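Below is one structure, written out as structure tokens; comments come after it.
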Amino acid sequence: MSVSSNASSASNKDSVDSPSSTTNTDSSELTHILNRRQEIMESQEAGIEVRRTYKVVNVYTDFPEFSRNQIKDYQKTFNTYDTARDGFLDLQELKFMMEKLGAPQTHLGLKQMIAEVDEDNDGKISFREFLLIFRKAQAGELDSDSGLNQLARLTEVDVEQVGVSGAKNFFEAKIEQQLRTNKFHDEIRAEQEERRREEEERAQRRQQFQQRAAIFQ
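Per full-length UniProt numbering, residue 1 is the first one in the sequence shown, and the count goes up by one each step.
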């Protein structure tokens with residue numbers, strides 16, 4: 001069976017209710033994945049070593065802020081979109097992932113997403129680098145409207161279970177919650193600043209009174 005017929009078959013199997021443009025995109029992504037798998041297999045059959053640029057790491061010790069269950073969940077998500085099964089998310093796989101999450105990105109946006117966590121500059125995201133996304137999100141190091149931040153937030157729900165619309169609703173609810181939290185913190189800071197100004201004014205008036213009183217002594 002040819003690569004194109006395989007891609008067509010896989011596209012029909014994996015497709016969801018969506019416009020024809022999405023179906024065409026899925027078919028293109030699957031064709032890319034199948035071609036890539038074929039290149040890897042041909043290299044291995046020819047005795048050519050397939051270069052692995054990632055290093056062996058223990059993510060459980062490297063990311064102590066995450067529980068083992070959290071890391072396993074992240075691994076499951078990573079494996080879902082690592083359709084070439086080579087231990088990386090390349091630009092096309094990341095593009096497919098963001099589309100499935102309901103937050104499609106431009107080509108430049110995808111490259112920026114990869115560059116932000118690409119420690120070894122190989123143009124792909126390893127699982128360790130994938131975990132860096134969630135570390136940065138947890139530390140508040142990602143811009144609220146960045147692609148990586150959307151990825152981190154949207155993968156908190158199971159898109160396969162709730163669907164794209166459910167994931168988008170979840171994301172919007174999280175944003176609204178964050179805005180409410182930020183507003184609350186802003187109000188607290190404003191009250192603290194007002195009290196500080198009042199205390200400074202009282203201290204200044206007290207000092208001025210003492211200075212005037214000293215004149216008549």
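Backbone N, C-alpha and C fix where the C-beta goes; we use that ideal spot for every residue, glycine too.
Since the structure is predicted, the reported quantities are computational estimates derived from the model, not experimental observations.
Check your understanding: Taking all protein chains shown into account, do 16 or more other C-beta atoms lie within 10 angstroms of the C-beta of Met-41, making it buried, or fewer, making it exposed?
Key -> As a position in the sequence shown, residue 41 is number 41, starting the count at 1. Its Cβ having fewer than 16 others within 10 Å, Met-41 is exposed.
Check your understanding: By Cβ distance, which residues of its chain are closer than 7 Å to Thr-77, with the 5 residues on each side in sequence left out?
Key -> Position 77 of the sequence shown holds residue 77. Correct list, in chain order: Thr-155.
Exercise for review: Tell whether a beta-carbon distance below 8 Å holds between Glu-93 and Ala-84.
Suggested key: Here residue 93 refers to the residue found at position 93 of the sequence shown. Here residue 84 refers to the residue found at position 84 of the sequence shown. A contact, by the Cβ cut-off of 8 Å.
Review point. Where does Leu-154 fall in DSSP's three states?
Key: Reading the sequence shown from its first residue, position 154 is the one you call residue 154. Leu-154: helix per DSSP, three-state reduction.
Practice item. Rank Glu-141, Leu-148 and Arg-195 by C-alpha distance to the C-alpha of Ile-125 and give the top, closest one. Key: What you label residue 125 is simply residue 125 of the sequence shown in a count that begins at 1. If we check each option's Cα against that of Ile-125, Leu-148 comes out closest.
Exercise for review: Return yes when the Cβ of Lys-111 is within less than 8 Å of the Cβ of Leu-142, no when it is not.
Suggested key: Stepping through the sequence shown from its first residue, residue 142 is reached at position 142. Stepping through the sequence shown from its first residue, residue 111 is reached at position 111. No, they are not a contact pair.
Check your understanding: According to DSSP, is Leu-89 helix, strand or coil?
Key -> Within the sequence shown, the letter at position 89 stands for residue 89. Strand.
Check your understanding: For the alpha helix (DSSP H) that Phe-134 lies in, which residues bound it at each end?
Key -> Along the sequence shown, read from residue 1 onward, the residue named residue 134 stands at position 134. That run of the alpha helix (DSSP H) goes 127-138.
Exercise for review: Determine the burial state of Glu-201: buried for a count of at least 16 other Cβ atoms within 10 Å of its Cβ, exposed for fewer.
Suggested key: In the sequence shown, counting from the first residue as 1, residue 201 sits at position 201. When all chains shown are included, Glu-201 counts as exposed.
Review point. What do you get for Phe-209, buried or exposed, if any count of 16 or more other CB atoms within 10 angstroms of its CB means buried?
Key: Indexing the sequence shown from 1 puts residue 209 at position 209. The residue is exposed, with fewer than 16 neighbouring Cβ atoms inside 10 Å.
**Study point:** Contact set for Arg-196: own chain, Cβ-Cβ below 7 Å, skip 5 residues either direction
**Key:** Counting from 1 along the sequence shown, the entry for residue 196 is found at position 196. If we look at Arg-196 and ignore the five residues flanking it on each side, it has no Cβ neighbours.
Point to revise | Environment of Ile-188 [buried if 16+ CB atoms lie within 10 Å] | key: For this step, residue 188 is matched to residue 188 along the sequence shown. Result: exposed.
Point to revise | Cβ neighbours of Phe-63 in the same chain (closer than 6 Å, five flanking residues each side left out) | key: The residue you call residue 63 lines up with position 63 of the sequence shown. Closer than 6 Å at Cβ, skipping near neighbours: Leu-131.
Check your understanding: Under three-state DSSP, which class holds Ile-40?
Key -> As a position in the sequence shown, residue 40 is number 40, starting the count at 1. In this structure, Ile-40 counts as helix in the three-state DSSP scheme.
Check your understanding: What residues in its chain sit with their C-beta under 8 Å from that of Val-117, if we drop five residues either side in the sequence?
Key -> Stepping through the sequence shown from its first residue, residue 117 is reached at position 117. If we look at Val-117 and ignore the five residues flanking it on each side, its Cβ neighbours are Ile-125, Glu-129, Phe-130, Leu-132, Ile-133, Lys-136 and Leu-148.
**Study point:** Residue environment, Leu-108, which counts as buried when at least 16 other CB atoms sit within 10 Å
**Key:** Residue mapping note: residue 108 aligns to position 108 of the sequence shown, counting from 1. Flag for Leu-108 reads exposed.
Exercise for review: Mark Lys-95 as exposed unless 16 or more other C-beta atoms lie within 10 angstroms of its C-beta, in which case mark it buried.
Suggested key: The residue labelled residue 95 in the question sits at position 95 within the sequence shown. Lys-95 comes out buried.
Point to revise | Where Asp-74 falls, given that 16 or more other Cβ within 10 Å makes a residue buried | key: Here residue 74 is taken as the residue at index 74 of the sequence shown, counted from 1. Going by the sequence as given, residue 74 is Tyr instead of Asp. By the neighbour-count rule (16 or more Cβ atoms within 10 Å), Tyr-74 is buried.
Review point. How many Å lie between Ala-152 and Gln-38 at the Cα?
Key: For this step, residue 152 is matched to residue 152 along the sequence shown. For this step, residue 38 is matched to residue 38 along the sequence shown. Answer to the nearest angstrom: the Cα atoms are 31 Å apart.
Review point. Per DSSP, what kind of secondary structure is Asn-69 in: helix, strand or coil?
Key: For the purposes of this step, residue 69 is taken as residue 69 along the sequence shown, with counting starting at 1. The answer is helix: DSSP assigns Asn-69 an H, G or I state.
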